[in-house]
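Student: Take this structure, written in C-alpha cells, and hold onto it; I'll ask about it next.
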Amino acid sequence: MRENTAEILELANYKVITAQNGKEGVHLTNEFNPDLIVCDIMMPELDGYGVLHLLSKDEHTANIPFIFLTAKAEKEDYRRGMTMGADDYLTKPYDDVELLNIVEMRLKKSERLKRQFERSAKGLDQFIEEAKSFDLIAKLAEDKKVKTLRKKETIYTEGSFPSCVFFLQKGKVKAYKSNGSGKEYITDLFKEGDFFGYIDLLQGEAYQESAIALEEAEVSMIPKDDFFNLLQGNREVSSKFIRMLSNEIKDREERLLHLAYNSVRKRVAQALVTLVQRYQEDKAKPFSMSITREDIASMVGTATETVIRTLSDFKEERLIDMKGSLITVFEYEKLARMRN
C-alpha cells in the first residue's frame with residue numbers, strides 16, 4: 001500500500017519520501033521538512049496518532065498539512081484524528097483520483113495561507129475570504145461588526161468578561177490597568193491592523209485590563225464562537241491567525257524590566273521610542289502625536305509632574321518639541337540610545 005501510494009504520487013510529478021514505520025516517519029519529517037504528509041494510522045513502532053502528536057508539538061513541523069490514511073471508517077477514529085489536528089482523512093480502499101484530489105486540494109490551501117496579508121481592514125477581509133474556504137469559519141465574515149468610537153470611549157473594562165476579539169481598523173487604542181487608588185499604568189498600545197482583547201478570552205477569564213480609544217477609532221468585533229472555531233477548527237488557519245497576532249508577551253516583559261531598573265529619564269525616552277515604533281514606519285522622519293502627559297506618566301510609571309520636567313529637558317536638548325498635547329519627536333535614534 002505504501003509503495004502503491006508513492007507510485008501514484010510520483011506519476012503526478014510529486015517528489016515522495018516513504019517511511020516504513022512511525023518513528024522513521026518522524027525522523028524523515030524533521031530531516032526533509034515536507035510540504036504535506038500522508039500517514040497511515042496502523043503502523044509498527046509508532047502509530048499515526050503518535051506521529052501526529054509528536055509533529056504537532058514541534059513548531060517546525062506543526063503546520064505541515066497532515067492526511068490520515070486508514071482502513072478504519074468508524075466515526076470515533078475520524079473524530080479523534082481531526083480533534084488532534086489532522087487536516088483530512090482518506091479511507092482505504094481508495095482510487096488514484098481520490099488520492100490526487102485530496103493532496104492537490106490540501107497543498108493549494110496550505111500555500112494560500114502561507115501568504116502574508118496586509119495588516120489592515122482590507123487585509124483582514126482578504127484573510128477571512130481565504131479562511132472561509134475551509135468551511136469552518138464562514139460566519140466570521142458575516143458576523144463581523146464594526147463599531148465607531150469617539151476619543152476616550154471605553155471598549156472594555158477590567159473585570160468584565162470577553163465576548164469577542166477586536167481588530168483595530170482605524171485609530172489608536174490603549175490598554176491599561178488601575179490600582180486601588182485609581183492610578184493607571186498603560187500595558188499596551190494598539191495601532192491599525194492589531195488584534196487585541198484575545199488573551200483573557202483564551203484563558204477564559206475576566207479582562208485583566210481596560211481598553212480605551214486614544215482618538216476616533218473603528219474596531220471590528222469577531223464573535224467568541226467564531227474566534228474559537230478559527231483557532232481550533234484547522235491547524236493551518238490557526239497558525240496563520242497566530243502569526244498575525246502581536247508578540248505582546250515578550251514586549252511586556254521587556255517593558256517591565258525597563259520599568260523596574262531604568263531611571264525616569266530613560267523610561268520617558270523609552271515611552272517616546274515606543275510611540276514611534278508603534279505608530280510610524282519610517283523612523284527617520286519626525287513623528288508627531290497628540291497624547292496627554294498623564295498617559296505618558298502611565299506608560300512610565302511615575303508622577304505627571306516628573307514627566308513634564310523630563311519632557312521639558314528633552315525639548316531644551318532639541319530631541320522633541322511640544323505644542324499643547326502634541327509631541328513631535330525629532331531625534332529618534334538619540335532617544336533609542338538613551339534608553340539602554
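Going by full-length UniProt numbering, the first residue of the sequence shown is number 1, and it counts up by one from there.
Just so it is clear, CB atoms sit at the ideal spot from N, CA and C, and this is done for glycine as well.
Could you give the residue range of the alpha helix (DSSP H) that holds V276?
Tutor: Residues 264-279.
Student: Check this for me: beta carbons of I296 and L272, under 9 Å apart or not?
Tutor: Yes.
Student: Buried or exposed: G22, going by 16 or more other Cβ atoms within 10 Å of its Cβ?
Tutor: By the neighbour-count rule (16 or more Cβ atoms within 10 Å), G22 is buried.
Student: Just the C-alpha distance for T310 and M105, rounded to the nearest angstrom, thanks.
Tutor: Taking the straight line from one Cα to the other gives about 59 Å.
Student: Please return the same chain residues whose Cβ sits closer than 7 Å to the Cβ of R2, not counting the five positions on each side in sequence.
Tutor: Closer than 7 Å at Cβ, skipping near neighbours: T18.
Student: Quick one: what does DSSP say A6 is sitting in, helix, strand or coil?
Tutor: Reduced to three states, the DSSP call for A6 is helix.
Student: Measuring only the C-alpha atoms, how far is M322 from K315?
Tutor: Between M322 and K315, the C-alpha separation is close to 7 Å.
Student: My guess is that V97 and L54 are in contact by the Cβ rule of under 8 Å, so how many angstroms apart are they, rounded?
Tutor: Their Cβ separation, rounded to whole angstroms, is 31 Å, which puts V97 and L54 out of contact at 8 Å.
Student: Just to confirm my understanding: we take S288, look at its own chain, exclude 5 residues before and 5 after, and list those with CB closer than 8 Å. What are they?
Tutor: So the qualifying residues of the chain are L326, I327, T328, V329.
Student: Between A175 and T157, is the Cβ-Cβ spacing less than 9 Å?
Tutor: Taking 9 Å as the Cβ cut-off, A175 and T157 do not qualify as a contacting pair.
Student: Just mark A86 as buried or exposed, buried being the case when its beta carbon has 16 or more other beta carbons within 10 Å.
Tutor: Flag for A86 reads buried.
Student: Could you please give the first and the last residue of the uninterrupted beta strand (DSSP E) stretch that includes D295?
Tutor: Segment 293-300 is the alpha helix (DSSP H) holding D295; no beta strand (DSSP E) there.
Student: Can you tell me the Cβ-Cβ gap for A269 and R339, rounded? I've got them flagged as a contact below 8 Å.
Tutor: Confirmed, Cβ separation roughly 5 Å.
Student: Distance, Cα to Cα, L90 vs E59?
Tutor: So the two alpha carbons sit approximately 25 Å from each other.
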